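Q: Before anything else, here's the structure in question.
Next up, the structure:
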């Protein structure tokens, strides 16, 4: 993740500062410190691809960045309708940033639906680039426009650039052997070229990408490249765009190292591979496709050269069952899902608790309940992760805070699972999974040693002197049981869901033994070694602490920076480990008069904190399928400070 040293611009998190002009031929070039761009169009317009390419070039240029893809749940929503709008927001800067931005400075609207769905988020004075070709009477009527918003004065407060993107694209490709419909599909590349000119983005990477993507269709590759170049040339020559913009690389934001742009799901995939290499164990993924977790299955299936085996099961229960079997067989076993899948996997998670085998259960949270909002984000699975099993079945819980942090969180979850012989739940969410940011690629010697020792022979002596293997004889420090690989001579033992006798692992219905085993399994989780929570309280004079977990880190930190820039004293802490909590958390909470917990749920962490520490924690909640905005949180936290 990027450095947390803030610049004055990001502390204020407000208007562009340090603006200058310099001539560039007949046009001016303005220097900005940051900008927020949103591409929006029909779900078939390629907005996610356009945003991804702009992001990749921005990352290669050296800016800090944060992205927010937002797309419909339907595979192909009705064209030109509000439910079918797909958007991609990118915030990039010459300094350290934390969020995709509250509101776009530039909106690219490919049709009336895209304009109507997004205009409420666009501040007055912002630039709007509109594809005028799509503003037909029928298309406008479809989304409720009685008159053209380009002509009725409703956009007078904005800097509107009407551009016939479709016509210009078709004209640019007239020499290609393409139908008009085929040519129109490249209008997103024309728009990308135009924006690349406006913000001085590199072009070589995109052209290389297009050649690779359409390697089997060189004509299509050439057409897309031509459309991309035509968009760039249009910006250079048209009188409607008199100014282009420069955002310098964020040279002070990053520690020295090699960086790449990475999404949360990709970082998780790489973290799992790294963990398996550090553990010297094969990686096994048993999974069933579900949004927004499927990308992990797709990515890991590409890495058989690292000893990765992926199994796409027929359902969620089969996926985790196969993963638990792989854990029994000596693999670093993983299953991936979202909230509805966790519900289906709950019995097998309980079985893993009983068998005391290492298993990573990765939950990429989305809006619920039930099928809910497949492509929207939420943090509402915390209580399910904590308690969503029958009986006393405690499971450690780990949560990453940023897309890049998903790499480290995956390694930490693997460390706990392997060292303590337990399933571990990792709670990411759709915002982290699909969002991206720069990531410093670590050196291998920076990664922890996760190697484990399998059981090799007898570990217990009976009263008569006979040496035997007890599968539930525990490590006195971790309370972990030995990990015995099937087929090892002399290590035969029972498995199954019925309660085990302490030590021997034989079936036991004895009340005292059950009480002992329940308390021992709980003590094992309570005793997991996790780092203390760190508190960011620069002056030491704050009376209010804002406590967060998971993906709220970026918006909370941006809001805290705003308040501190305005002279407020406020402390911040963020939890990676949610079960067990860090040992110093209770002491930290009692240092502050007020504790505010923002969550994308109705107060699940706040419920746990109140119950455990008897602290009057105040919830600030949002469950609209979108991440918090920094200004929104800053206002709420200011009210808490003053209240």
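Numbering (the working numbering), first residue to last: 172 to 814.
Note that CB positions come from ideal geometry on N, CA and C, so glycine has one too.
Since this is a predicted model, take the numbers as computed values, not measurements.
1) Pick out whichever of 616, 234, 286, 249 has its Cα sitting closest to the Cα of residue 258.
2) For my contact list, residue 312 and residue 401 are in at a C-beta cut-off of 8 Å; report their separation, rounded to the angstrom.
3) I need the boundaries of the alpha helix (DSSP H) containing residue 770, first residue and last residue.
4) If I follow the unbroken alpha helix (DSSP H) through residue 392, where does it start and stop?
5) Residue 479 to residue 635, Cα distance in whole Å?
6) For residue 230 and residue 783, what's the separation of their Cα atoms in angstroms?
7) Less than 8 Å separating the beta-carbons of residue 403 and residue 367?
8) Decide yes or no for the touch test of the segment 557-572 against the segment 676-695: beta carbon pairs closer than 8 Å, at least 3 of them.
9) Report whether the distance from the Cβ of residue 410 to the nearest heavy atom of the ligand PLP is below 7 Å.
10) Locate the alpha helix (DSSP H) running through residue 556, then write down its first and last residues.
11) Measure from the alpha carbon of residue 522 to the alpha carbon of each residue in 684, 496, 282, 536, then state which is nearest.
12) So, at 7 Å on beta carbons, what are the nonlocal neighbours of residue 487 in its own chain, with the 5 sequence-adjacent residues on each side left out?
13) In three-state DSSP terms, what is residue 666?
14) Label residue 591 either buried or exposed according to how many other C-beta atoms from any shown protein chain fall within 10 Å of its C-beta, with 16 as the threshold for buried.
15) If we count the other Cβ atoms within 10 Å of its Cβ and call it buried at 16 or more, is residue 631 buried or exposed?
16) With which residues is residue 432 paired in a DSSP beta bridge?
17) Among 482, 752, 717, which one has its Cα closest to the Cα of residue 735?
18) The beta strand (DSSP E) with residue 742 in it runs from where to where?
19) Touch check for the segment 752-769 and the segment 699-712: three-plus C-beta pairs under 8 Å?
20) Span of the beta strand (DSSP E) holding residue 474?
21) Starting from residue 359, trace the alpha helix (DSSP H) in both directions and tell me its first and last residue.
22) Who are the near neighbours of residue 249 in its chain, counting only those whose CB is closer than 8 Å to its CB and skipping five residues on each side?
23) Quick check on DSSP: helix, strand or coil for residue 788?
24) DSSP three-state call for residue 455: helix, strand or coil?
25) By Cβ distance below 6 Å, which residues in the same chain neighbour residue 679 in space, the five residues on each side in sequence not counted?
26) Comparing alpha-carbon positions, which option in 709, 371, 454, 666 lies nearest residue 416?
27) Okay, do the segment 652-665 and the segment 613-627 touch, 3+ Cβ pairs below 8 Å being the bar?
28) Just to confirm, are residue 446 and residue 503 a CB contact at a threshold of 8 Å?
29) Assuming residue 355 contacts residue 377 (C-beta within less than 8 Å), just tell me the rounded distance between them.
30) From residue 299 to residue 492, what does the alpha carbon distance come to, in whole angstroms?
31) Under 8 Å, do residue 328 and residue 295 count as touching if we go by C-beta distance?
32) Starting from residue 578, trace the alpha helix (DSSP H) in both directions and tell me its first and last residue.
33) Identify whether residue 211 lies in helix, strand or coil by the three-state DSSP scheme.
34) Following the continuous alpha helix (DSSP H) through residue 536, name the residue where it begins and the one where it ends.
35) Count the CB pairs spanning the segment 205-217 and the segment 425-437 that are closer than 8 Å, and state whether there are at least three.
36) Rounded to the nearest angstrom, what separates residue 334 and residue 260 at their Cα positions?
A: Looking at the atomic coordinates:
1) Closest in alpha carbon position to residue 258, among 616, 234, 286, 249, is 286.
2) No, residue 312 and residue 401 are not in contact; Cβ-Cβ is about 31 Å, not under 8 Å.
3) Counting along the chain, residue 770 sits inside no alpha helix (DSSP H); it lies in the beta strand (DSSP E) bounded by residues 765-770.
4) Following the DSSP letters along the chain, one finds residue 392 inside the alpha helix (DSSP H) bounded by residues 389-408.
5) As the crow flies, the alpha-carbon of residue 479 is around 45 Å from that of residue 635.
6) Between residue 230 and residue 783, the alpha-carbon positions lie close to 43 Å from each other.
7) In contact: residue 403 and residue 367 (Cβ atoms closer than 8 Å).
8) Flag = yes, the segment 557-572 and the segment 676-695 touch.
9) Questions concerning the ligand PLP fall outside what the structure shown contains, since it holds no ligand whatsoever.
10) Secondary structure note for residue 556: its alpha helix (DSSP H) is the uninterrupted segment 553-558.
11) Nearest to residue 522 by C-alpha distance, out of 684, 496, 282, 536, is 496.
12) For residue 487, where only same-chain residues beyond five positions count, the Cβ hits under 7 Å are 459, 508, 512, 515, 516.
13) Coil, per DSSP.
14) Of the other Cβ atoms in all chains shown, 16 or more fall within 10 Å of the Cβ of residue 591; this residue is therefore buried.
15) Exposed is the call here.
16) BP columns for residue 432 point to 609.
17) Ranking 482, 752, 717 by CA distance to the CA of residue 735 puts 717 first.
18) 742-746 is the span of the beta strand (DSSP E), which, as asked, contains residue 742.
19) Three or more Cβ pairs closer than 8 Å define a contact, and the segment 752-769 meets that threshold against the segment 699-712.
20) Neither: residue 474 is in no beta strand (DSSP E) and is coded neither H nor E.
21) Residue range 358-369 is occupied by the alpha helix (DSSP H) that includes residue 359.
22) Cβ within range, chain order: 255.
23) Correct three-state label for residue 788: coil.
24) DSSP places residue 455 in the strand class (E or B) of the three-state scheme.
25) So the qualifying residues of the chain are 670, 672.
26) It is 371 whose Cα lies nearest to the Cα of residue 416.
27) A contact exists between the segment 652-665 and the segment 613-627.
28) It is a contact, given that the beta carbons lie within the stated cut-off.
29) Wrong, their Cβ atoms sit about 19 Å apart, outside the cutoff.
30) So the two alpha carbons sit approximately 51 Å from each other.
31) Yes, these two residues count as a Cβ contact at 8 Å.
32) Counted as a single uninterrupted DSSP element, the alpha helix (DSSP H) harbouring residue 578 occupies residues 576-591.
33) Strand at residue 211.
34) Premise fails: residue 536 lies in the beta strand (DSSP E), 530-536, not in any alpha helix (DSSP H).
35) Verdict: no, contact absent.
36) Residue 334 and residue 260: Cα-Cα distance of roughly 20 Å.
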